[in-house]
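Notes follow the structure.
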Amino acid sequence: MTDGGVVDGDDGMPCGEADREPDPSDSLRTFGAVLQALREHAGYSRTQFADLVSFSKHTVESVELGRRMPDVALVERSEEALGNTGALRRSAKHVTRGRGDVGLAAWFRQWARLERVAVSLCTYECRLVPGLLQSEGYARALFENRIPLLTDERLEAQVAARLDRQRMLLERPIVPFHFIVEEAVFRRRLGGRDVQRHQLDYALERTAPRNVTLQVMPLEAEFHACMDGPVRLLETPKGRRLAYSEGQENGRLISDPKEVSLLCQRYDTLRSQALNPKESRGLLERLRGEL
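Residue 13 in our numbering sits at position 13 of the sequence shown; the count goes up by one each step and never skips.
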């Protein structure tokens, strides 16, 4: 990374860590193998089992191959479908993510680790729905459009990593998450009408909790403080403010206090220019009704 890409260890971040693709943890692989063995013993194909537990076939496959943390709901439904032996519930308690950055872009990993311990997180996005609010269908459409094309295995790892990262919103209910997203992003029909419809539903669902706030920047807005592009801001447990900016095939972690302060000023101004949370939800509901 450049210009502030290395953060000192005071906030729990390693310095100069090499960028490399990590392997899934042994516990993830083991849990996946147990789930697959129980499923096959019960005589279900992945498609049949996915329908039975109300998860997608891709999700079941990712968990069985050790690429994704098992969702609590998946564990419970799998137990019920496979005889309530208790094996899955007990083994799920010992599953760890390892380094937790499987499937993440090399330039994003350091920021992703900071997110997990941040005491607040703010995101402005003008290109696409923020990763923490993306439905599985939307995320899949994004990665299917990548150039050069991803292998099936790599695509599944990317989708799994994105969905796993969203657990923060559920696991950290007292941490404030704030999002400002351009209206045009929600109007874009990426993946088709059904994907767009589900994405709107998903965004409304994910931003319903009290600690998650969504504001939409309307198309007709005459003033705009963040025309230079998307930005993310967070505060560490020690009160340090950091920023992150991302573009084509690169990302930049920003730690310089003056630069971070400027970006915070722009973000705060944009909050006053965007629709308030109630108006923003109303807009998404209207867009949903048009489909």
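Positions of the beta carbon are idealized from the N, C-alpha and C atoms, including for glycine.
Keep in mind it's a predicted model, so treat the numbers as computed, not measured.
C-beta atoms of valine 129 and valine 185 nearer than 8 Å: By one-based count along the sequence shown, residue 129 stands at place 129. By one-based count along the sequence shown, residue 185 stands at place 185. For valine 129 and valine 185, yes; Cβs fall inside 8 Å.
Assumed close pair arginine 210, glutamate 156 - CB separation to whole angstroms, cut-off 8 Å: For the purposes of this step, residue 210 is identified with residue 210 of the sequence shown, where counting begins at 1. For the purposes of this step, residue 156 is identified with residue 156 of the sequence shown, where counting begins at 1. Between glutamate 156 and arginine 210 the Cβ distance is about 33 Å, and since that is not below 8 Å, they are no contact.
Residue of Glu125, Leu65 and Asp51 minimising C-alpha distance to proline 218: Position 218 of the sequence shown holds residue 218. Out of Glu125, Leu65 and Asp51, Glu125 has the C-alpha closest to the C-alpha of proline 218.
Contact belief for proline 70 with alanine 92 at Cβ below 8 Å, rounded distance in angstroms: Your numbering for residue 70 matches position 70 in the sequence shown. Your numbering for residue 92 matches position 92 in the sequence shown. So it is a contact: roughly 6 Å between Cβ atoms.
Straight-line gap, isoleucine 147 to glutamine 248 (C-alpha atoms, nearest Å): Taking the sequence shown and counting its residues from 1, one reaches residue 147 at position 147. Taking the sequence shown and counting its residues from 1, one reaches residue 248 at position 248. C-alpha separation (whole angstroms): 11 Å.
DSSP-derived helix/strand/coil call for tyrosine 366: In this structure the chain extends from 1 to 291, so residue 366 is not present and cannot be described.
Beta-carbon contacts of arginine 232 that lie in its chain and below 6 Å, excluding the five residues immediately before and after: Taking the first residue of the sequence shown as position 1, residue 232 is located at position 232. So the list reads Thr123 and Tyr244, once near-sequence residues are dropped.
Assigned exposure category for glutamate 279 - 16 Cβ within 10 Å defines buried: The count along the sequence shown starts at 1 and reaches residue 279 at position 279. Flag for glutamate 279 reads exposed.
Selected residue, minimal CA-CA separation from arginine 172, among Arg154, Gly191 and Ala118: The sequence position of residue 172 within the sequence shown is 172, counting from 1. Checking every option, the nearest Cα to that of arginine 172 belongs to Ala118.
DSSP state of arginine 241 mapped onto helix, strand, coil: Walking along the sequence shown from the start, residue 241 turns up at place 241. Three-state DSSP puts arginine 241 in a strand.
The beta strand (DSSP E) enclosing valine 231, as first and last residue numbers: Stepping through the sequence shown from its first residue, residue 231 is reached at position 231. Taken as a continuous stretch (DSSP letters only), the beta strand (DSSP E) holding valine 231 covers 231-235.
Residue range of the unbroken beta strand (DSSP E) whose run includes methionine 217: In the sequence shown, counting from the first residue as 1, residue 217 sits at position 217. Note, methionine 217: beta strand (DSSP E), 212-217.
Euclidean distance between Cα positions of proline 257 and arginine 241: In the sequence shown, residue 257 corresponds to position 257, counting from 1. In the sequence shown, residue 241 corresponds to position 241, counting from 1. Cα to Cα, the separation comes out at about 8 Å.
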